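Peer 1: Pasting a structure below so you can have a look.
There are 2 protein chains.
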Amino acid sequence: MSAGFENRSAGAIWLRWAVIFSVVVSGIAVRDGKAAVYGAVARPVDPQAAWLTYAPVNEKKVFGAGAVPDTILRLGDADVEKTAEEELESGVRGMLGRVVREVRSADGLKGSKAFVVVGTQGEVEAWRPGLKSTKAIGADGFRLRRDGNAIVVEGGDSRGVLYCAFALLRLIAQERSLAALDVSEAPSAPVRWTNEWDNPDGSIERGYGGRSIFFDEQAVRADISRVTGYARLLASVGINGVTINNVNADPKLLNESNLKGVARIADEFRAYGIRVSMSIDMSSPQAVGGLTTFDPLDPQVAEWWKAKVEEIYRFIPDFGGVVIKADSEGKPGPMKYGRSPADAANVVARALKAHGGLVLYRGFVYNNHLDWNDLKADRARAGFDNFHTLDGTFEDNVVVQIKHGPIDFQIREPVSPLFSGLKKTNEAIELQVTQEYTGQQRHLVYLVPMWKDALDTNTYAVTDKPSRVQDIVTGKTFGRAEGGFVGVTNVGLDDYWLGNPLSMANLYGFGRLAWNPSLSADAIVDEWTRQTFGNSEKVRAVVNDLQIRSYHVYESYTGSLGVGTLTDIIGVHFGPGPESAERNGWGQWIRADHEGVGMDRTVATGTGYIGQYPPELAAKYESLKACPDELLLFMHHVPYKYRLKSGKTVIQYIYDSHYEGAAEAVEFAPEWETIAGLVPDRTYFEVLRRLEFQAGHAEVWRDSITQWFWKMSGIADAKGRVGNYPGRFEAEAMRLEGYAPVDVTPWESASGRKAVVCGAEKCSAEMTWDGADGWYDVAVRYFDEMHGESKYSLEVAGREIEQWKADWNLPNDRLNGHTSTREVVRGVALHKGDVLKVTGWPNGMEKAPLDYLEIVPAVVTHASTSKTAPAAVR
Amino acid sequence: MSAGFENRSAGAIWLRWAVIFSVVVSGIAVRDGKAAVYGAVARPVDPQAAWLTYAPVNEKKVFGAGAVPDTILRLGDADVEKTAEEELESGVRGMLGRVVREVRSADGLKGSKAFVVVGTQGEVEAWRPGLKSTKAIGADGFRLRRDGNAIVVEGGDSRGVLYCAFALLRLIAQERSLAALDVSEAPSAPVRWTNEWDNPDGSIERGYGGRSIFFDEQAVRADISRVTGYARLLASVGINGVTINNVNADPKLLNESNLKGVARIADEFRAYGIRVSMSIDMSSPQAVGGLTTFDPLDPQVAEWWKAKVEEIYRFIPDFGGVVIKADSEGKPGPMKYGRSPADAANVVARALKAHGGLVLYRGFVYNNHLDWNDLKADRARAGFDNFHTLDGTFEDNVVVQIKHGPIDFQIREPVSPLFSGLKKTNEAIELQVTQEYTGQQRHLVYLVPMWKDALDTNTYAVTDKPSRVQDIVTGKTFGRAEGGFVGVTNVGLDDYWLGNPLSMANLYGFGRLAWNPSLSADAIVDEWTRQTFGNSEKVRAVVNDLQIRSYHVYESYTGSLGVGTLTDIIGVHFGPGPESAERNGWGQWIRADHEGVGMDRTVATGTGYIGQYPPELAAKYESLKACPDELLLFMHHVPYKYRLKSGKTVIQYIYDSHYEGAAEAVEFAPEWETIAGLVPDRTYFEVLRRLEFQAGHAEVWRDSITQWFWKMSGIADAKGRVGNYPGRFEAEAMRLEGYAPVDVTPWESASGRKAVVCGAEKCSAEMTWDGADGWYDVAVRYFDEMHGESKYSLEVAGREIEQWKADWNLPNDRLNGHTSTREVVRGVALHKGDVLKVTGWPNGMEKAPLDYLEIVPAVVTHASTSKTAPAAVR
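Chains as they are written, first to last, in our numbering: chain S, 1236 to 2109; chain G, 1236 to 2109.
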């Protein structure tokens, strides 16, 4: 870009061009027998546009025989209204192939057969008094209607105008008719924030989409060009706040130079109605303030916070507030001085109050040195125990931010009893968009059904008002003014933001639920699919089906019956590791022994956790009979032979669910393959690659968990599958050259408890095929550690048929369930006597580890899903 | 790759992996209710694979209910046979999803329900005497048949084996049934070469696909990894020779160090049965040999050539020979010493003979200082005049390489009279794959129909034998042992080899015609489309249609009635420039004056050129009545009002054809858009971008040529189009700020003869819309020179609606028909009184030049061809 262009690139211009160049504005066939006719201007879809592709739609479905608006009249001058206008212009251009005029007064409408008017309620009434609504539109709310030849985009405030514009664009993208349009909407709650766990060094805690878009090298990045793209996405679903740094906060981010950097970020978000906030460390007055204490009741400390907050607001006049994690997992907090979370929250809240800032104080406070031997100890109790006595003592601008379940984003938990435990305190529900315990974006898991379960759970807190979790956090139940939704998102520099293109449905869904928690998971994913991949029936059928099924599938192979995600809970939270839950201070115990499994959280005989719920809900969980099977092992300790409502024993259900879940995961990739060519190639292959990984990793989960429970229970699988793997050939039993067997820990994450590793420059393992002549699928199971990229090759009858690198970069450096992966070669001809040989070349710390070969009959058919295959077959 | 891998990467292994990783081996759905089921292993199509995608096919169409071969038995040990085996393995794997076994003896076939056997005729007979053919298979020929459960891939020699393997793969790719397979084929001629005009510095003369795959920085590239990929493509269509350097040869390539580099290239080609050859400079004995002369009759010179050739063969034992361009366009040659082309050819041929090398001596010898005022002077005569008297004096290993027409790859020429002018001399036809005069790969032009016209032309040279051009060059007419086909290809490092993905049909077609010139242009393109994009009816219909129409479309807007490509013939041969043909020594005169146009080449009144043809053909061309209209202006000078066979005047035909051709070019992009999603995205957008360019550039051609003829003839277009451009607004007539008008040369390449250029940092041109309110397409016509990337923006009513860079890198640095291009913004709302403003920011030598705006009513409809559009619409 020339200097001239750079000077003009700030702000809205940048956005518009980013959008225009990023979307397909194809599909516009212009034909006129008499006049010049021009070619198309199609461009590839930019993955960064996520669901805001603004791809062409069938305008007849939207406008029928009516005119398409040719002019936008913007009534107000607020930056956010200008953004609304820009988005409408971009959207209409992309989706309808129309470049509209933008005017500032009614004069400019002369000659328009149809137009869009954009403004706040006051501006709309002033412009055309006849359009006055009988009811005031609230903050962030909007009314979207057709009035003759006008489409009126009207907001309760400028942010409402922007949300109204996005609502209109969302309808167009879904090819909804605008003929009889009159929609009024308001957000469910004022707090609709994301938390981003970005560190100053550019890493992101529990982030799976690349490095930080905000930070690098201990400071705000020079290039923050991804921020505007993110702001668009968030604003399009009504998010109004973003906390840009890790809840495990680095105090030095409060330094002046860093605040200047944060101010640059805030400038980018501001035009989209999004306020920036920061996570803070309660020890900051001491750590960076030079005080000798951070006791929240010390007047010096209060004075320090006041001054620091004033400094922040000098840089960021619309600063949203702070998020506080304290006395949790080693973070400093008020406990050090014998003070309460309320003391800590309030000292900061008082400093923020004059500026309109909030404190979001995390309820995630627990002791991670619990005594395993204490049958009454229970981490799940901690939130309620630590906070409910403080009810009513928090300042009005404090919101207690509560994870949806009492533990930590497990695949299945009941709702936190703290929701109903606070009646005079603002609350926000913390949902996790980043898939920390749910496959880390390498597995497809659409989380909205899980969130809906939580939000729809009736706590029975009061009888005169609705008291579902969504009613409580939106302030309806207890009449709270503040509160709402916080989504831990952790987007990164990856072009797909979260790494997996399909995971963006979770970010979309979080925003939509925060706006309106009564939306269904099905409706939300269909909105997302239509906007992301178009309105094709076929694409919608496939993508929606995959997304909707994914939650239960993942639950089935990672931890059923409410036992939690049976991962290595101490480390990276990715692969199977059930043993890690037990016998340590972290309190995610499942208490599996030779007789039974589950945490007894009953009042009668257990930890008493269930008693933290209001009586009606407590009664349901306390009763073995009434407790839903899906939460059984969360609430109760039962024998393996305990029969579920279906009549199936617990142990058999564990076996069956893991096999069924893994089998369903295998179907995902072939199902996705049926829409090859209907989604962009790059996205197609990116998703396919992950679905294939998931199919292989689901098998690791299946085998690890089922073997672990078999060993623990001593009860065999009634269907004979567990411990019986037809076609599997253990590496340690092959003819080895250079390779040596090792025991794997945990034992259940390697087939036969062992693998082989290579201590030389290269090693090999070979076997002779003794089965029938035929076509087979050959899978090589190996371990792909984080550091080092070993190479492998597979030979059959003296000929190399596959060669690959261990480059999945899986999040661990040992042989275990995190790193176990596989390479599959399909349709391989084997005759009896053929030799199969795997050769490994170690690299770095990775010793080309190998677990087994699995050889199963192949049923080869041609689904012909490739680009170059016959269209008819699709 | 680790060191271990690198060591193994030479030769066939490299190929196999390159292929496997490059093709979609998707579409293989493996399902088995009982056994483990694995995910797919789809990968994106690699553009470098060109037509060898080996993408999945419907195997039922190929094998019916029969078994798919599971084993390849290779009988011979030749490297080329190993290549055949590797390709079969890769192809079966990609297309059928089967990984076959490879064995070396019949023992290995035990248990195979079906297999492929690969070998020479001798090897096949020795293996199974019952398979002995009654007739010997000739050199490079093959027989492909089914014998029970065997598919027999049998070659007359090892190269024939490879061609047979590719023939089998070609059938599979096209989903042809192999049930009753028995095909015997032999190539039409022994010489099936490409010439590559690569220079030692890595540039390529008349190359439009990036830099050289062979050379860089005055030597053979260190990295020649693209060579194997090219060898595969060439071998797959039967090419057996490649001349790797420019016919304007650099003598220093004959130095020892360079010959070592050439030997590395030859090593890569050898496994594909391709012999490397080089272009040489006749002055080499003096230029690099240190002699004082290069007189071909000087014994020292002969000795030098002998020694040099021996040196070459030490490095490259199967060196194919040399190509000689001499006494042509400034190249040194025998003329300097009063010697003939035969003297020059023979001195080198004698040196080569013992080694089996050929001399391909180019017939492209002409005087480029002809006298324009001499009405008898005629460049078209030169080939015949220079060579026909030498007939019978060439050594047996000399082949005269004759461009298909007498001039130089124009869009329409008659065949060279030299074909029938040599009866005792080997001949090869030189066809040009690189589109020097036919749009340089920025325009879609499928050249096979043009080549077929030439090859099918009956010269009437003899009456007792067929004497079509194809019969002559294949040696049939005059019983010559050597001869055949040379294709000037000029592939480069571009992933699509020739730059334009669709241009690869020309390379494919050249090879197929060289193998079998009786194939039709339609059949060839359908083969190519099926292999490149799959067997989908829809894709085939669209791609085949575009290709087949393209030749006549290009001819229509660039030069009809045999007048030649009316480009700037002195420079880059790209955009329109009719004036350049006249009044200079290059002899591409069209002799247009105020009364008429065309070269009188008759015997009766003209140059006598027609008399170079055998009498029957000469009679046809001599007669105005018999001469086909498509060659009229090549053969005759006629008045503009001369009536064609259709009754239309010449001048009106010129106008009509240019308008019709340009209008057809505009239809190409929308037609291509109907297969979005059915071809790989990257290819889709790459082609679309070029088709859009072509639509805009065809308009430049139309306007330039028609205006030039209008001025020349003074006869207006009966349909009123020429000189009348509704909706066009000249930049020089706008309100200019900073911009200043300039005259453009040639005048007809700018609308209104003028453009504006910017002498400041930025400039603008604005106008006020005075037409009706409505939707319009707005085109900005500007000049995009090679050096410098100006920026432009277009504003409407104070708002920027488009911004772009002049980055097409068009092959010239002046304002003219080469650089005239345009940006189109479609569906723009304009109301009367709206101001349109173009701003330009110069860059480098490019002064943001601007020609005009064109504003025409838009008919906006949604064809919905984008990825994200409803599938149903496709």
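Even for Gly, the Cβ is constructed at its ideal location relative to N, Cα and C.
Please read all numbers here as calculations on a predicted model, not as lab measurements.
For a contact meaning CB atoms closer than 7 angstroms, what does Ile2036(G) contact in chain S?
Peer 2: Locating residue 2036(G) in the second sequence gives position 801, counting from the first residue. Residues of chain S passing the Cβ test: Val1334.
Peer 1: Who does Cys1399(S) pair with in a DSSP beta bridge?
Peer 2: Here residue 1399(S) is taken as the residue at index 164 of the first sequence, counted from 1. Bridge partners of Cys1399(S): none, in fact.
Peer 1: Should the stretch 1405-1416 of chain S be regarded as contacting the stretch 1480-1498 of chain S, the criterion being three or more beta carbon pairs within less than 8 angstroms?
Peer 2: Judged by Cβ distances under 8 angstroms, the stretch 1405-1416 of chain S makes no contact with the stretch 1480-1498 of chain S, as fewer than three pairs qualify.
Peer 1: Measuring only between beta-carbons, confirm whether Val2063(G) sits less than 7 angstroms from chain S.
Peer 2: Here residue 2063(G) corresponds to residue number 828 of the second sequence, with the count starting at 1. By this cut-off, Val2063(G) is an interface position.
Peer 1: Would DSSP call Leu1801(G) helix, strand or coil?
Peer 2: In the second sequence, the residue the question calls residue 1801(G) occupies position 566. Residue state, collapsed to three classes: coil.
Peer 1: Buried or exposed for Gln1453(S), please, with buried defined as at least 16 other CB atoms from any protein chain shown within 10 angstroms of its CB.
Peer 2: Position 218 of the first sequence, counted from the first residue, corresponds to residue 1453(S). Its Cβ having fewer than 16 others within 10 Å, Gln1453(S) is exposed.
Peer 1: Note down, in chain order, each residue of its chain lying with its Cβ closer than 8 angstroms to the Cβ of Arg1826(S), except the 5 sequence neighbours on either side.
Peer 2: Here residue 1826(S) is taken as the residue at index 591 of the first sequence, counted from 1. Glu1817, Val1832, Gly1833, Met1834, Asp1835 and His1872, listed in sequence order.
Peer 1: Quick check: Thr1288(G) and Phe1350(G), are their CB atoms within less than 7 angstroms of each other?
Peer 2: Residue mapping note: residue 1288(G) aligns to position 53 of the second sequence, counting from 1. Residue mapping note: residue 1350(G) aligns to position 115 of the second sequence, counting from 1. Not a contact, by the Cβ cut-off of 7 angstroms.
Peer 1: Using 7 angstroms as the limit for Cβ to Cβ distance, is Gly1346(S) near chain G?
Peer 2: Looking up residue 1346(S) in the first sequence gives position 111. True, the Cβ-Cβ gap to chain G drops below 7 angstroms.
Peer 1: Looking at Ser1999(S) and Thr2086(S), is the spacing between their C-beta atoms short of 7 angstroms?
Peer 2: Here the question's residue 2086(S) lines up with position 851 in the first sequence. Here the question's residue 1999(S) lines up with position 764 in the first sequence. Going by the sequence as given, residue 2086(S) is Asp instead of Thr. No.
Peer 1: Give me the residue from Leu2065(S), Ala1663(S), Pro1291(S) and Arg1775(S) with the minimum Cα distance to Gly1329(S).
Peer 2: Along the first sequence, read from residue 1 onward, the residue named residue 1329(S) stands at position 94. It is Pro1291(S).
Peer 1: How many whole angstroms separate the CB atoms of Asp1530(S) and Pro1567(S), which I take to be in contact at a CB cut-off of 8 angstroms?
Peer 2: Along the first sequence, one-based indexing puts residue 1530(S) at 295. Along the first sequence, one-based indexing puts residue 1567(S) at 332. In fact, because the Cβ distance is near 11 angstroms, the residues do not count as touching under 8 angstroms.
Peer 1: Let me confirm a value: His1829(S) is counted as buried when at least 16 other C-beta atoms fall within 10 Å, else exposed. Which label applies?
Peer 2: Here residue 1829(S) refers to the residue found at position 594 of the first sequence. By the 10 Å Cβ count, His1829(S) comes out exposed.
Peer 1: Which residue or residues does DSSP assign as beta-bridge partners of Met1513(S)?
Peer 2: As a first step, residue 1513(S) must be located in the first sequence, where it is residue number 278. According to DSSP, which records beta bridges pairwise, Met1513(S) is partnered with Val1557(S).
Peer 1: Candidates Tyr2011(S), Ala1663(S) and Ala1756(S): which alpha carbon is nearest Phe1720(S)'s?
Peer 2: Counted from its first residue, the first sequence places residue 1720(S) at position 485. Nearest of Tyr2011(S), Ala1663(S) and Ala1756(S) to Phe1720(S), Cα basis: Ala1663(S).
Peer 1: Asp1978(G) versus chain B: which residues are under 8 angstroms apart at the beta carbon?
Peer 2: Reference to chain B is not applicable here, since the protein chains of this structure are S and G.
Peer 1: What does a CB cutoff of less than 6 angstroms around Arg1446(G) pick up in its chain, not counting 5 residues either side in sequence?
Peer 2: Translated into positions along the second sequence, residue 1446(G) becomes position 211. So the qualifying residues of the chain are Gly1437, Gly1727 and Leu1728.
Peer 1: Interface residues of chain G around Trp2010(S) at Cβ under 9 angstroms?
Peer 2: Residue mapping note: residue 2010(S) aligns to position 775 of the first sequence, counting from 1. Simply Val1303, Asp1305, Arg1333 and Val1334.
Peer 1: Cα-Cα, which of Asp1864(G), Glu1972(G) and Asp1578(G) is closest to Phe1629(G)?
Peer 2: The residue you call residue 1629(G) lines up with position 394 of the second sequence. Checking every option, the nearest Cα to that of Phe1629(G) belongs to Asp1578(G).
Peer 1: How would you write the range of the alpha helix (DSSP H) that Arg1937(S) sits in, first residue to last?
Peer 2: Here residue 1937(S) is taken as the residue at index 702 of the first sequence, counted from 1. Arg1937(S) -> alpha helix (DSSP H) spans Asp1916 to Ser1948.
Peer 1: Could you list which residues in chain S have their beta carbon closer than 8 angstroms to that of Asp2069(G), in chain order?
Peer 2: Residue mapping note: residue 2069(G) aligns to position 834 of the second sequence, counting from 1. The answer, in chain order, is Arg1336.
Peer 1: Can you tell which of Trp1540(S), Gly1734(S) and His1639(S) has the C-alpha that lies nearest to the C-alpha of Ala1584(S)?
Peer 2: Along the first sequence, read from residue 1 onward, the residue named residue 1584(S) stands at position 349. The shortest Cα separation from Ala1584(S) among Trp1540(S), Gly1734(S) and His1639(S) belongs to Trp1540(S).
Peer 1: Should His1678(S) be flagged as near chain G, meaning a C-beta pair shorter than 7 angstroms?
Peer 2: The residue given as residue 1678(S) occupies position 443 in the first sequence. Not one chain G Cβ lies under 7 angstroms of His1678(S).
Peer 1: Less than 7 angstroms between the beta carbons of Met2080(S) and Gly2023(S), yes or no?
Peer 2: Here residue 2080(S) refers to the residue found at position 845 of the first sequence. Here residue 2023(S) refers to the residue found at position 788 of the first sequence. Cβ atoms of Met2080(S) and Gly2023(S): closer than 7 angstroms.
Peer 1: Quick one: what's Ala1385(S) bridged to in DSSP?
Peer 2: As a working note, residue 1385(S) is residue 150 in the first sequence. DSSP output for Ala1385(S) lists Phe1350(S) and Asp1382(S) as bridge partner(s).
Peer 1: Could you check how far apart the C-beta atoms of Gly1627(G) and Lys1659(G) are, in whole angstroms? I think they sit under 8 angstroms.
Peer 2: The count along the second sequence starts at 1 and reaches residue 1627(G) at position 392. The count along the second sequence starts at 1 and reaches residue 1659(G) at position 424. Contact holds; Cβ gap of about 4 angstroms.
Peer 1: Following the continuous beta strand (DSSP E) through Tyr2018(S), name the residue where it begins and the one where it ends.
Peer 2: To locate residue 2018(S), count along the first sequence from 1; it is residue 783. Here residue 2018(S) is Phe; the residue named in the question, Tyr, does not match the sequence. Note, Phe2018(S): beta strand (DSSP E), Gly2009 to Phe2018.
Peer 1: Pull up the DSSP beta-bridge partners for Ser1646(S), would you.
Peer 2: Residue numbering aside, residue 1646(S) sits at position 411 when the first sequence is read from its first letter. Inspection of the sequence shows that residue 1646(S) is occupied by Ile rather than by Ser. In DSSP, Ile1646(S) forms no bridge with anything.
Peer 1: Closer than 8 angstroms, Cβ to any Cβ of chain G: which residues of the stretch 1603-1635 of chain S, in chain order?
Peer 2: Hits within the stretch: zero.
Peer 1: Would you say Ala2032(G) faces chain S, with C-beta separation under 7 angstroms as the test?
Peer 2: Start at 1 with the first residue of the second sequence, and residue 2032(G) comes out as number 797. By this cut-off, Ala2032(G) is an interface position.
Peer 1: Work out the CA separation of Leu1781(S) and Val1338(S) for me, nearest whole Å.
Peer 2: What you label residue 1338(S) is simply residue 103 of the first sequence in a count that begins at 1. What you label residue 1781(S) is simply residue 546 of the first sequence in a count that begins at 1. Their backbone Cα atoms lie some 44 angstroms apart in a straight line.
Peer 1: Looking only at its own chain, which residues have a Cβ that is under 7 angstroms from the Cβ of Lys1855(G), when we skip the five neighbours before and after it?
Peer 2: Sequence index remark: in the second sequence, residue 1855(G) carries index 620 (1-based). Ala1861 and Cys1862, listed in sequence order.
Peer 1: Specify, as a first and last residue, the run of the alpha helix (DSSP H) that Gln1782(S) falls within.
Peer 2: The residue you call residue 1782(S) lines up with position 547 of the first sequence. Its alpha helix (DSSP H) spans residues Glu1772 to Thr1793.
Peer 1: For Pro1282(S), return the contacting residues in chain G, with the cut-off set at a CB-CB distance below 7 angstroms.
Peer 2: As a first step, residue 1282(S) must be located in the first sequence, where it is residue number 47. Within chain G, no residue comes near Pro1282(S); the closest Cβ sits about 12 angstroms away, beyond 7 angstroms.
Peer 1: Just verifying my parser: in three-state terms, what is the DSSP assignment at Met1330(S)?
Peer 2: The residue labelled residue 1330(S) in the question sits at position 95 within the first sequence. Helix.
Peer 1: Thinking C-alpha only, which one of Gln1847(S), Glu1762(S) and Glu1857(S) is nearest Thr1840(S)?
Peer 2: In the first sequence, the residue the question calls residue 1840(S) occupies position 605. When only C-alpha atoms are compared, the closest one is Glu1857(S).
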